[in-house]
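Q:
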Amino acid sequence: MNERDQRQKRDTREENRPQYAGGRAPRRNATSETLSRNTQVVKRTVPSPKPSSRSDNTRFVQRPASKVRNTSILPASIRQSRKFKKSKRELRKRTVGRPTRSISVVSVPAALWSGVRKGLLFVLVILLATIAFIGGSGLGMLSGYVSTAQPLEIVDIRKTYDATYIYDRYGQQAAILTGSQNILREYVPISVVKPTYLDEAFIAIEDERFETHSGIDPKRIANAIGNVFLTLGGDTHGASTITQQVVKMMSGENERSAQRKIQEWERATELEKNLSKDEIMELFVNMVPMGNRYVGVQSAAKAYFGKDISKLDLAECAFLAGIPNLPSIYNPATEYGRRNALRRMRITLAKMLEIGKITEDEYQEALNRELDFRALDETSGSGQINSYFVDAVINEVIDQLMKQRGYSRRLAHTAVFQHGLTIETTLDPEIQRMAEASFKKKELFSVNYDKLPDMPQMPEAGITVISNDPSSLGQIVAMVGGFGEKKTNLGFNRATQAYRQPGSSIKPILDYGPAMDMGIITAATILMDEPKYLDPQNPEKEWPVNHSRRHYGPVTVRWALRNSLNTTAVEVYANMLTPMVGLSYLKRMGIDRMNEPQPAGALGGFAKGMTTVEMAGAFSAFASRGLFTKPYLFTRVLDAEGNVLLEHKPEFDQVFSTETADIMTNLLVDTLENANWIGPYAKLGRQKAAGKTGTSDERVDRWFAGYTPYYTAAVWYGFDNAYGRRTEINETDTRCPILIWKDVMLQIHENLPVKPFAMSDNVVSRTVCAESGQLPTEYCTRTSREFFDSLKGNAPSMPCPLHATPPETEAPDVTDPGPDVEVGD
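Letter by letter, the sequence shown follows residues 209 to 1033 in the working numbering.
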């Protein structure tokens, strides 16, 4: 029989053979025999929106044989044609075999089987790689994978992205700095972890053979593979040892591939060679994610339980050890997550008991322990708006790291935000709160604040408050750098970054104070207030002029300071003291303007102005009886391991003698209480205070610097320099810095006992003639009581030469310009 005849015979046999779903004939029994004689299984195609060559939409039903079309009755010419044979072969392909969807058969969903196939394929790759890695085969592939693995930077990673904690003067947390990563982590050494149950809890639940394996655990890998088969291609997590997890956290690689897994194994074994088990555990407990932005066990312990890890008990350790497996599922911040975490804790405790880490009694006690959780602080981290004080601390620490440690600015910034520093500051949180409250009061910033929105700019202010207590002298306790609610971190801080001309507030610290300390003047020295021509650039022009545009003739230093005369201040500074001497005193008080010796400096006319920190620091020298130390914001900065990076050790300088400082304080008390434009607005009730106002040229800056025996505060008020333009302060708002100062100081001193200013035993008082400064005669009509430094021997001893005989006419009284006259500023 030739090939053609064989093919025809085969085709005829195929045509007469009954077709069945699945391509198999039914069993040979009575029912099937009857079925085969009377019925045939035929194909009916259900219309499908997507044509396919597969039989996904095919139904199989039974029809009587009489209903089946018999293709054998077709003419032989048709049946033998190529087109017919091709169609028949295609039909056979579509009808023979098991269908993928059937009415009578329930199949496994295609998506599930797809996942199973992928999971089994992944497991097969891992299994082969495991055999190759452990058995030493497949060296070519493995060597290629291993050679492309990047080495781990173990040393640097220990301090990367650790949160920095800032504390106030009482040791309470003031702020947390997390940087752009928004990670809250506090590094803790293994020596602190070992005495707790924490490392043993992690070993029990994460890697029970951690202490004996060499980085990878073959038994754990085999168990993980078995779990995959049991769960039909489910997740393959669970095979990683603690060492492998450290590698993964250090490298940041989390791709699910055979190459990445092999490289992870190689790195883990290398890590085990280079580090001890304790060092690996130290890295793990400091890098493991603990949910809610907390990284590492120390920050998690403080966040969830409000305690250091050294204070954790067994139950708390087991609770924390269970979180890293699935931080979002075991999230203590949610009720659902906390229930899951408690269940996980019980599993951890049971595992610890099973492997002998704890006793039965410890297990039962921990199970019955009711945990006390702490409410999470949602304002911590990068979402928190820090105070102006904290901003100033950050900038100061960065500057000092550069200056003292030789850091670049970039490295110093990274260290502050990511190296887990501890910054101990001088902040008094209660005083800071008071100052911030005052800076939100609209009525203190303008008499007609509601009309200000029509202006191109809104007024601003800054304040710095310094302690005068001998035990904390120079410590900045509060600072505010802008009006209203603070909206950004590390923005413009007007307390530290706004250099503004101080105006007449400079007179006590640059003009009169140094001249008195040098013995050039006393409080009773007579100065001539008359037209003067002291501008070296314009010798023919009258300069300076007083605020009142008037002259008062011979006046005492007390009267000149109280009424803020400009003519006498420049006379003392330029001609009696000399600028370089005055500037040297200023430099000793932390304000270096030695390169600006022009006479205008006597009135605060410097090219580079002053900040509130500088002015408060200089005035604090009077409050501390002549002793000055540069104002500072922090006491110590510690690195993540507790080593001291920076430590501020105050250096003290007796700028003024005690006697000079006490006498200047007496003059400034008189200025605050009796100057017409100050006293009614600055008095602090029964508590004595001293201070001086200041106004720059063109009235664009207003100042008030004042102090009590407790605190010194300096306030600047004005407008920001928008595009180089200066805005003049409204006449009605010139007292705003005084009002702000008073509001803050009243709150600070509300519960403090009244305390007088001290006066040195070497200071003597004398009644003098207000016109001559000498001892009054019976004919002197205007007198005052003044204080003198007996050590300098400058107390008057001669009778007044102006009133040796009875006066012919009564001299005009110039000691009081009248209630409606503002002599100074």
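Glycine is no exception: its CB is placed at the ideal position from the N, C-alpha and C atoms.
Bear in mind the structure is a predicted one, so any value in this text is a computation, not a measurement.
Would you mind working out which of 935, 639, 924 sits nearest residue 944, comparing C-alpha positions?
A: Taking only the C-alpha atoms, the option nearest residue 944 is 924.
Q: Between which two residues does the beta strand (DSSP E) carrying residue 669 extend?
A: Per DSSP, residue 669 belongs to the beta strand (DSSP E) from 668 to 675.
Q: Mark residue 675 as exposed unless 16 or more other C-beta atoms lie within 10 angstroms of its C-beta, in which case mark it buried.
A: Residue 675 is buried by the Cβ-count criterion.
Q: Can you tell which of 716, 515, 723 has its C-alpha closest to the C-alpha of residue 381?
A: The option with the nearest alpha carbon to residue 381 is 515.
Q: What three-state label does DSSP hand residue 309 in the structure shown?
A: Because the pLDDT of residue 309 is 38, which lies under 50, any placement of that residue in the model is unreliable, and the question is left without a value.
Q: Can residue 820 and residue 672 be called in contact, C-beta distance under 8 Å?
A: Contact flag set, yes.
Q: Examine chain C for any beta-carbon lying closer than 8 Å to the beta-carbon of residue 524, and answer yes or no.
A: No chain C appears in the structure shown, which is made up of a single protein chain.
Q: Using the Cα positions of residue 557 and residue 419, report the straight-line distance between them to the nearest angstrom.
A: If you take the alpha carbons of residue 557 and residue 419, they lie about 19 Å apart.
Q: Kindly indicate which three-state DSSP category residue 411 falls into: helix, strand or coil?
A: In this structure, residue 411 counts as helix in the three-state DSSP scheme.
Q: For residue 944, does the three-state DSSP call read helix, strand or coil?
A: In this structure, residue 944 counts as helix in the three-state DSSP scheme.
Q: Compute the Euclidean distance between the alpha carbons of residue 922 and residue 484, then round it to the nearest angstrom.
A: Cα to Cα, the separation comes out at about 56 Å.
Q: I'd like to know whether the C-beta atoms of residue 766 and residue 994 end up nearer to each other than 8 Å.
A: The answer is yes: Cβ separation under 8 Å.
Q: Could you name the residues of the same chain whose beta carbon sits closer than 6 Å to that of residue 963, not counting the 5 residues immediately before and after it, in chain order?
A: 917.
Q: What does a CB cutoff of less than 6 Å around residue 241 pick up in its chain, not counting 5 residues either side in sequence?
A: Unreliable positioning characterises residue 241 in this predicted model, as indicated by a pLDDT of 41, which lies under 50. The coordinate reading is nonetheless provided below. Contacts found: none.
Q: With DSSP run on the structure shown, which of helix, strand or coil describes residue 756?
A: Three-state result, residue 756: coil.
Q: Measuring CA to CA, which of 407, 570, 550 is closest to residue 491?
A: For the residues 407, 570, 550, the minimum Cα distance to residue 491 belongs to 407.
Q: Could you pull out every residue in the same chain whose Cβ sits closer than 6 Å to the Cβ of residue 709, ignoring the five residues on either side in sequence?
A: Here the set comprises 812, 817, 904, 909.
Q: What do you reckon, are the CB atoms on residue 852 and residue 965 nearer than 8 Å?
A: Result no, Cβ atoms of residue 852 and residue 965 do not sit closer than 8 Å.
Q: Taking the straight line between their C-alpha atoms, what separation do you get for residue 759 and residue 737?
A: Approximately 6 Å, taken between the alpha carbons.
Q: At what residues does the alpha helix (DSSP H) containing residue 726 begin and finish?
A: First-last for residue 726: undefined, no H or E at that position.
Q: Can you say whether residue 669 is buried or exposed, counting buried as having 16 or more other CB atoms within 10 angstroms of its CB?
A: Label assigned to residue 669: buried.
Q: Check residue 381 in the structure and name its three-state DSSP category.
A: If DSSP states are grouped into helix, strand and coil, residue 381 belongs with the strands.
Q: Counting Cβ pairs, one atom from each stretch, are 3 or more of them under 8 Å apart for the region 796 to 803 and the region 884 to 904?
A: Output reads no: the region 884 to 904 does not touch the region 796 to 803.
Q: Find out if the Cβ-Cβ distance for the pair residue 752, residue 778 is shorter than 8 Å.
A: It is a contact, given that the beta carbons lie within the stated cut-off.
Q: Among the candidates 832, 530, 571, 374, whose CA atom is the shortest distance from the CA of residue 634?
A: Residue 374 is the option with its Cα nearest to residue 634.
Q: If I measure Cβ to Cβ from residue 739 and keep anything under 6 Å in the same chain, skipping five residues before and after, which residues do I get?
A: Excluding residues within five positions, the ones whose Cβ falls inside 6 Å are 750.
Q: Starting from the Cα of residue 651, find the closest Cα among 638, 597, 667, 967 and give me that residue.
A: Out of 638, 597, 667, 967, 667 has the C-alpha closest to the C-alpha of residue 651.
Q: Strictly by DSSP, which residues pair up with residue 903?
A: In the DSSP output, where bridge partners are listed per residue, residue 903 has 910.
Q: Please say whether residue 949 and residue 1076 have beta carbons closer to each other than 8 Å?
A: Given a span of 209 to 1033 for the chain in the structure shown, any question on residue 1076 remains unanswerable.
Q: Would you mind sorting residue 641 into buried or exposed? The rule is 16 or more other CB atoms within 10 Å of its CB.
A: With fewer than 16 other Cβ atoms within 10 Å, it is exposed.
Q: So for residue 802, helix, strand or coil by DSSP?
A: Residue state, collapsed to three classes: coil.
Q: Use the C-beta contact count for residue 482: other C-beta atoms within 10 angstroms, 16 or more gives buried, fewer gives exposed.
A: With fewer than 16 Cβ atoms within 10 Å of its Cβ, residue 482 is classed as exposed.
Q: Run through the DSSP bridge pairs and tell me what residue 977 is partnered with.
A: DSSP, once it has assigned bridges, lists 991 as partnering residue 977.
Q: Please confirm if the region 608 to 617 is in contact with the region 705 to 724, defined as three or more CB-CB distances below 8 Å between the two stretches.
A: Touching, no.
Q: Might you give, ordered along the chain, the residues of its own chain that have their beta carbon closer than 6 Å to the beta carbon of residue 553, omitting 5 neighbours on each side?
A: Counting only Cβ-Cβ distances below 6 Å, and skipping sequence neighbours, we find 526, 527, 530.
Q: Work out the CA separation of residue 947 and residue 690 for me, nearest whole Å.
A: Going by the C-alpha atoms only, they are around 15 Å apart.
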